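What follows is a set of notes on a single structure, which appears directly below.
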Amino acid sequence: MFILPQKDSGTPTTSPGSVSTQGLHSNHGDGLEREGSGKPDQKPLKLYGVGDPTAMFSSDSPYLSSRGSIIKWFWDSAEEGYRTYHMDEYDEDENPSGIINLGTSENKLCFDLLSRRLSQSDMWRVEPSLLQYPDWRGHLFLREEVARFLSFYCRSPAPLKPENVVVLNGCASLFSALATVLCEVGEAFLIPAPYYGAITQHVYLYGNVRLVCVYLDSEVTGLETRPFQLTVEKLEMALEGANSEGVKVKGLILINPQNPLGDVYSPGELQEYLKFAKRHELHVMVDEVYMLSVFEESVGYHSVLSLERLPDPQRTHVMWATSKDFGMSGLRFGTLYTENQDVATAVSSLCRYHGLSGLVQYQMAQLLRDRDWINQVYLPENHARLKAAHTYVSEELRALGIPFVSRGAGFFIWVDLRKYLPAATFEEEMLLWRRFLDNKVLLSLGQAFECKEPGWFRLVFSDKTHRLRLGMQRVRRVLEGKSQVAEDAPSC
Ligand SMILES: Cc1ncc(COP(=O)(O)O)c(C=O)c1O
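Residue 587 is where the sequence shown ends in our numbering, and the numbering goes up by one at each step.
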């Protein structure tokens with residue numbers, strides 16, 4: 096569903112080919128770091144941007160290598176919102192005037208189902224092989240289970256193979272590992288923006304790999320049918336622009352369903368993007384971490400692994416994890432599926448540092464094989480709860496007359512608050528973000544996702560009703576210019 100954003104006279108015009116070096120800004124809501132244009136609002140808008148995550152680096156530590164100093168600086172300059180939240184977390188009984196977190200993309204709706212299932216006796220086994228050094232790719236019993244699971248839920252035309260599976264501790268590690276094994280230092284991946292901003296850090300910290308943003312627009316023009324639509328034309332222009340600056344692009348990152356847009360690519364679009372990549376010999380990393388969180392049936396999600404033929408199977412690498420679809424972001428379990436044995440082996444080699452405990456591997460295999468529970472209990476209930484929470488927030492937004500983008504996938508709504516900015520600048524966006532935080536509700540601002548239009552925010556709805564209602568009350572108060580927190584407490 097798209098509630099189309101209104102045209103905004105403050106929206107800057109595009110200027111083909113112009114580039115800016117992106118610096119790093121502090122995080123505002125998602126536990127994300129980000130790279131962002133220094134003052135993008137003062138420059139003509141761009142079709143692409145070559146990231147330089149350390150453009151604003153300062154503060155060398157006498158105790159650390161230069162690399163260590165940069166890694167520390169990422170930590171220091173990131174996560175302001177997240178840290179503030181953790182110092183003052185809302186708790187219904189203990190801290191009712193604490194911060195409500197509508198910024199972090201986590202599913203908090205199904206803890207009851209998960210804790211019941213994970214507490215059952217079949218989840219626990221202690222045997223020597225689970226306590227000893229494992230196969231770093233993951234135990235075979237787990238990789239077999241993952242292959243069966245992905246074959247079923249991705250609807251692959253032929254059974255997927257365990258030898259193409261690597262398991263490790265989450266998608267973040269996978270981005271990091273893939274960047275390190277696919278690129279030389281300083282090389283880059285294309286990524287459509289807005290995007291889940293932490294990827295900047297994932298690919299940079301070990302691999303020193305940069306991102307080239309392919310900027311998407313809210314405005315629907317020409318052949319586009321929806322806001323922020325990715326087209327091959329935009330990919331071509333960004334690639335050409337990066338090449339013209341001497342930046343070697345090695346791959347393309349696709350997130351499907353997309354974060355923060357909740358967008359879902361059709362099989363035709365996927366084929367187009369993959370063919371573009373093949374033409375230019377680019378790897379494609381397809382992040383499908385939200386693939387089972389499509390709660391609107393009409394959306395018709397298609398995994399890249401469901402395609403009859405991949406244009407370039409040796410350069411197509413698919414990621415999935417339990418962090419989102421099973422609401423277990425703290426458990427740390429992710430998988431790579433790639434037919435490229437060099438890539439699988441190189442990533443496996445890094446799994447020595449990103450591996451999973453044997454006990455967790457056993458647990459995950461038990462979970463993934465329980466198709467009855469997943470199909471008959473977990474997924475229907477999870478989708479119903481996501482849908483109800485989504486309906487509540489979208490109705491609130493409609494009542495406030497706020498445009499938004501959302502298609503019934505993921506945990507978030509991409510909200511257009513441009514009309515609340517006195518001027519279309521990222522400074523004003525930040526001030527609004529701060530007003531939310533001062534009023535004890537954490538959102539994620541568009542700049543954290545490299546959105547080039549100031550005034551977009553990501554609002555996470557996958558939380559319990561009482562927190563969601565209180566969070567939305569606080570959002571409403573800020574937008575209506577009434578900033579009060581203390582009164583909220585009794586009404587929750
Ligand atoms: C698109 C996307 N990919 C990857 C991740 C990180 O996944 P994990 O927690 O499995 O490392 C996130 C987390 O928000 C995400 O939104």
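In this text, a Cβ means the ideal position worked out from N, Cα and C, and glycines have one as well.
Please read all numbers here as calculations on a predicted model, not as lab measurements.
- Each of Ser200, Gly265, Cys266, Ala267, Tyr291, Ile350, Asn354, Asp382, Val384, Ala416, Ser418, Ser424, Gly429 has a C-beta closer than 6 Å to some heavy atom of ligand 1; these make up the full list, in chain order.
- Uninterrupted beta strand (DSSP E) stretches at least 3 residues long and entirely within the stretch 437 to 512 occur at 507 to 511, given in chain order.
- Its chain contains Val261, Ser443 as the residues whose beta carbon lies nearer than 6 Å to that of Arg232, once the 5 sequence neighbours on both sides are disregarded; these appear in chain order.
- Counting every other CB atom within 10 Å of its CB across the protein chains shown gives Leu402 a total of 16 or more, marking it as buried.
- A straight line joining the alpha-carbon of Leu365 with that of Val438 spans about 22 Å.
- Separation of Leu285 and His375 (C-alpha to C-alpha, rounded to the nearest whole angstrom) is 12 Å.
- Per DSSP, Thr430 is one residue of the beta strand (DSSP E) stretching across 429 to 433.
- With a 10 Å radius around the Cβ and a threshold of 16 neighbouring Cβ atoms, Gly144 comes out buried.
- Every beta strand (DSSP E) stretch that sits fully inside the stretch 219 to 284 and reaches 3 residues is listed by chain position as 260 to 263.
- Boundaries around Ala416 are those of the beta strand (DSSP E), 411 to 416, since no alpha helix (DSSP H) includes it.
- Counting C-beta pairs closer than 8 Å gives fewer than three between the stretch 462 to 476 and the stretch 288 to 303, which falls short of the contact rule.
- The Cβ atoms of Pro254 and Gly541 do not sit closer than 8 Å to each other.
- Taking each of Asn351, Phe270, Leu263, Phe206 in turn and checking the Cα distance to Pro287, the smallest one comes out for Asn351.
- Taking 8 Å as the cut-off, the beta carbon of Trp415 is found closer than this to the beta carbon of Glu383.
- The beta carbon of Ala283 is closer than 8 Å to those of Val145, Gly146, Val304, Arg305, Leu306, Val307, Ala337, Val342, Lys343, Val344, Lys345 in its chain, skipping five residues each way along the sequence.
- Contact holds between the stretch 496 to 508 and the stretch 188 to 208, because three or more Cβ pairs, one in each stretch, are under 8 Å apart.
- Shortest Cα-Cα distance from Ser557 to any of Ser154, Phe206, Gly163 involves Phe206.
- Inter-segment contact for the stretch 406 to 423 and the stretch 177 to 191 is absent: fewer than three beta-carbon pairs are separated by less than 8 Å.
- Taking the Cα of Leu356 as reference, the smallest distance to any Cα among Cys546, Lys141, Val570 is reached at Cys546.
- Taking C-beta atoms as the reference points, Pro257 and Arg238 count as a pair closer than 8 Å.
- If you ignore the 5 residues before and after Leu495, its C-beta comes within less than 7 Å of the C-beta of Arg571, Leu574, all in its own chain and listed in chain order.
- Excluding sequence positions up to five before and after Thr179, its CB lies within less than 8 Å of the CB of Ile194, Leu532, Leu537, all in the same chain and listed in chain order.
- If only uninterrupted beta strand (DSSP E) runs of at least 3 residues are considered, those enclosed by the stretch 359 to 410 are 378 to 382.
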